[in-house]
Amino acid sequence: LVVNDIERSKRFYHELFGLDVILDLDGNVILTEGLTLQEACVWERLIGKSFTWGDSDAELYFEENDMDGFLEKLAAYPEEVRFLHSLKEHDWGQRVVRLYDPDGHLIEVGES
616 LVVNDIERSK RFYHELFGLD VILDLDGNVI LTEGLTLQEA CVWERLIGKS FTWGDSDAEL
676 YFEENDMDGF LEKLAAYPEE VRFLHSLKEH DWGQRVVRLY DPDGHLIEVG ES
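Here it is as structure tokens:
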């Protein structure tokens with residue numbers, strides 16, 4: 616994922632999803648579960664042009680065993696979290712919430 620502030624993104628994914636840094640290479644970070652972050656300036660230098668942020672063109676998906684606990688963690692997060700939608704229950708009974716990371720990448724968190 617291309618991000619503006621890699622330190623902010625590392626904090627976000629660690630505090631809310633428990634992902635830890637495996638490797639940090641100055642603008643490129645690999646987190647546990649295989650998520651990789653890259654600062655926008657590094658990405659633009661590599662591809663040789665500026666880019667446009669997507670608009671819900673893809674999403675990360677996480678499963679959560681304790682949805683109520685996760686919602687409490689979201690409420691206590693020190694920065695404002697923007698939501699596509701708050702908690703809702705699908706017809707098949709699974710509860711999900713969709714939110715955005717600090718750079719606008721869409722994330723779905725659903726009960727396992």
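In terms of the working numbering, the sequence shown opens at residue 616 and continues consecutively.
We treat Cβ as the ideally placed atom computed from N, Cα and C, and that holds for glycine.
Compare the beta carbon distance of residue 722 and residue 666 with 8 Å and say whether it is the shorter of the two. no
Note down the Cα distance separating residue 640 from residue 720, rounded to an integer number of angstroms. 22 Å
Residue 698, buried or exposed, once every other Cβ within 10 Å from all chains shown has been counted against 16: exposed
On the criterion of 16 or more Cβ atoms from any shown chain inside 10 Å, does residue 638 qualify as buried, or is it exposed? Exposed, since its Cβ has fewer than 16 Cβ neighbours within 10 Å.
So, with DSSP's three-state summary, where would you put residue 703? strand
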